[in-house]
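Some notes on the structure that comes next.
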Amino acid sequence: MSDSEVSQQGQCFRYDVIVIGGGIAGLSYILALLRLRPNVRIALICKQGLHESNSYYAQGGIAAVSGPGDSIAQHIADTIASGDGLCEEQLVAQMIAEGPETIQFLNDQGVLFDQARGFQLGKEGGHSQRRIYTHGDRTGAAVMNALIGVVRRQPQVTILEYHTAVNLITQEQHSIPKKSAVIGAYILAEKEAVIHVFLANILILATGGAGILLILRWRQAMASPWLIERAPE
Ligand SMILES: Cc1cc2nc3c(=O)[nH]c(=O)nc-3n(C[C@H](O)[C@H](O)[C@H](O)COP(=O)(O)OP(=O)(O)OC[C@H]3O[C@@H](n4cnc5c(N)ncnc54)[C@H](O)[C@@H]3O)c2cc1C
Numbered sequence: 002m003s004d005s006e007v008s009q010q011g012q013c014f015r016y017d018v019i020v021i022g023g024g025i026a027g028l029s030y031i032l033a034l035l036r037l038r039p040n041v042r043i044a045l046i047c048k049q050g051l052h053e054s055n056s057y058y059a060q061g062g063i064a065a066v067s068g069p070g071d072s073i074a075q076h077i078a079d080t081i082a083s084g085d086g087l088c089e090e091q092l093v094a095q096m097i098a099e100g101p102e103t104i105q106f107l108n109d110q111g112v113l114f115d116q117a118r119g120f121q122l123g124k125e126g127g128h129s130q131r132r133i134y135t136h137g138d139r140t141g142a143a144v145m146n147a148l149i150g151v152v153r154r155q156p157q158v159t160i161l162e163y164h165t166a167v168n169l170i171t172q173e174q175h176s177i178p179k180k181s182a183v184i185g186a187y188i189l190a191e192k193e194a195v196i197h198v199f200l201a202n203i204l205i206l207a208t209g210g211a212g213i214l215l216i217l218r219w220r221q222a223m224a225s226p227w228l229i230e231r232a233p234e
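Residue numbers (our numbering): 2 to 234.
Have a look at this one:
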């Protein structure tokens, strides 16, 4: 589709929450939010089908502490050592502390890790203990198939696949000085070739991040870090 074929005469849609990105981050956010606020109306915007994301193609597993022979402190120490000075230690500690409940959350959504299928937890480079939850060598697909199934069953969630966020809308752009809060996004509906306006109280950018580094290997631009760069602080 060329630029001249795209119409800007789209419609304006309002939701309570807009989530841009249908990888593990976007879908997990939606399910966590619905536990707290079951009645919010959510638009899930995804530039490809829900089965096309870095999350879906992840082959390896997810590290989390489980057994008594392991500890959060040991997992943190392993991670800091492997990070070779690049880790933000506070974030490492937070993520690792949340590991066990994250695995429980995924279990609750129906993800069947190998451990439940009678296999041991995996051990990978940088880890001193067995703590890698896997589903064969298709962990991402197993996780995403479960999350996609649950999200598709939520009546409050409008799923818009093949819809791309092309820019954010801020109050500042609309002459409200000194306020740069994001109030929505311009969304290109690929099949109609129309740009719609989506407005919401909360907009979540879950468009992937450093995952775009893998384009060199994967040649697929599934993440949009530039969109995050455009968001005001
Ligand atoms: C081959 C491979 C193997 C990996 N192995 C592992 C592993 O073993 N363990 C591990 O922990 N991690 C692994 N990763 C990394 C892991 O997959 C990512 O860190 C994680 O999936 C990122 O999730 P996400 O939801 O943030 O982003 P993504 O899964 O990248 O999802 C981004 C979503 O945003 C959508 N999107 C992007 N831009 C726009 C836009 N402008 N408008 C609308 N939608 C948009 C995309 O379509 C997609 O749905 C691997 C990745 C790959 C590719």
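Where a beta carbon is used, it is the ideal one built from N, C-alpha and C, also for glycine.
Model, not experiment: these values are computed from the prediction.
In this structure, His164 sits away from Leu148, with a CB-CB distance that is not shorter than 8 Å. Here Val18 is near Leu34, since their CB atoms are less than 8 Å apart. With contacts defined as CB atoms closer than 8 Å, Gly24 and Ile133 fail to qualify as a contacting pair. Within the chosen limit of 7 Å, ligand 1 reaches the beta carbon of Tyr58 through at least one heavy atom.
Scanning its chain for C-beta atoms nearer than 7 Å, with the 5 sequence neighbours on each side dropped, one finds around Ile184 the residues Ile170, Thr171, Gln172, Leu200, in chain order. Taking C-beta separations shorter than 7 Å and ignoring five residues to either side along the sequence, the partners of Ser129 in its chain run Gln75, Asp79, following chain order. Bridge partners of Val183 according to DSSP: Thr171. Closest in C-alpha terms to Glu193, from the list Glu162, Asn168, Ile104, Val144, comes Glu162. In terms of Cα proximity to Gln110, the closest of Cys13, Arg118, Gly22, Leu28 is Leu28.
Between the segment 51-69 and the segment 92-106, the count of Cβ pairs shorter than 8 Å is three or higher; the stretches touch. Taken in chain order, the unbroken stretches of beta strand (DSSP E) that lie wholly in the segment 29-106 and span 3 residues or more are 43-47. Exposed is the label assigned to Ile203, since fewer than 16 other Cβ atoms lie within 10 Å of its Cβ. Taking the CA atoms as reference points, Ala44 sits about 11 Å from Gln155.
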